[in-house]
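Engineer:
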Amino acid sequence: NTVGEFANALNYSYSGFSKKFKQLFGVSAYHWMKEQKARQIYTEIVTGESPLKEVSYNLGFSSISNFYKFCKSNFGKTPGELRLGSFNNFLD
1307 NTVGEFANAL
1317 NYSYSGFSKK
1327 FKQLFGVSAY
1337 HWMKEQKARQ
1347 IYTEIVTGES
1357 PLKEVSYNLG
1367 FSSISNFYKF
1377 CKSNFGKTPG
1387 ELRLGSFNNF
1397 LD
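Quick note: the sequence shown uses this note's numbering, first residue 1307, plus one each step.
Structure (structure tokens):
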């Protein structure tokens, strides 16, 4: 979903919804949604068993390279490094 879709569902304009959301939660709706997506992606990578290409597709990325770029910019690691790190932590 997008911020616009949430605004429409609640019969708000985009700007009205965004303003109200920020007043209530102290962060922009876009920023909150991006954080939620990042959490979902991280959880799927480190706890899931699906191949990373499948994870990328299921989470709506247009390409595996965009998925890798998202992970690198948000987590500082590639999806493979995240998964390997969680596996190594499990073994410790």
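We treat Cβ as the ideally placed atom computed from N, Cα and C, and that holds for glycine.
Since the structure is predicted, the reported quantities are computational estimates derived from the model, not experimental observations.
Measure the C-alpha to C-alpha separation of F1396 and V1352 and round it to an integer number of angstroms.
Structural biologist: Within the sequence shown, numbered from 1, the residue matching residue 1396 stands at position 90. Within the sequence shown, numbered from 1, the residue matching residue 1352 stands at position 46. In this prediction, F1396 has a pLDDT of 46, which is less than 50 and means its spatial position is unreliable; what the coordinates show is noted afterwards. Distance between the alpha carbons of F1396 and V1352: 11 Å.
Engineer: CB A1344 to CB N1380, shorter than 8 Å?
Structural biologist: As a working note, residue 1344 is residue 38 in the sequence shown. As a working note, residue 1380 is residue 74 in the sequence shown. In this structure, N1380 lies closer than 8 Å to A1344 by Cβ.
Engineer: Mind checking L1358: buried by the 16 CB within 10 Å criterion, or exposed?
Structural biologist: The residue given as residue 1358 occupies position 52 in the sequence shown. L1358 should be labelled buried.
Engineer: Using the beta-carbon count (16 or more within 10 Å), is S1362 buried or exposed?
Structural biologist: Your numbering for residue 1362 matches position 56 in the sequence shown. Buried.
Engineer: Under a Cβ-count criterion, where at least 16 other Cβ atoms within 10 Å of its own Cβ denotes burial, should A1313 be classed as buried or exposed?
Structural biologist: Here residue 1313 refers to the residue found at position 7 when the sequence shown is read from its first residue. With 16 or more Cβ atoms within 10 Å of its Cβ, A1313 is classed as buried.
Engineer: Does the beta-carbon distance from F1327 to A1335 come in below 8 Å?
Structural biologist: For the purposes of this step, residue 1327 is taken as the residue at position 21 of the sequence shown. For the purposes of this step, residue 1335 is taken as the residue at position 29 of the sequence shown. Their beta carbons are under 8 Å apart, which means F1327 touches A1335 by this criterion.
Engineer: For F1323 and V1333, which I take to be in contact (beta-carbon distance under 8 Å), what is that distance rounded to the nearest angstrom?
Structural biologist: Translated into positions along the sequence shown, residue 1323 becomes position 17. Translated into positions along the sequence shown, residue 1333 becomes position 27. So it is not a contact: roughly 14 Å between Cβ atoms.
Engineer: Go to S1379, then tell me how far its alpha helix (DSSP H) extends in each direction, as first and last residue.
Structural biologist: The residue labelled residue 1379 in the question sits at position 73 within the sequence shown. Counting along the chain, the alpha helix (DSSP H) containing S1379 begins and ends at I1370 to F1381.
Engineer: Going by CA-CA distance only, name the one from G1354, S1368, G1366 and N1364 that's closest to G1386.
Structural biologist: Along the sequence shown, one-based indexing puts residue 1386 at 80. Measuring from the Cα of G1386, the nearest candidate turns out to be G1354.
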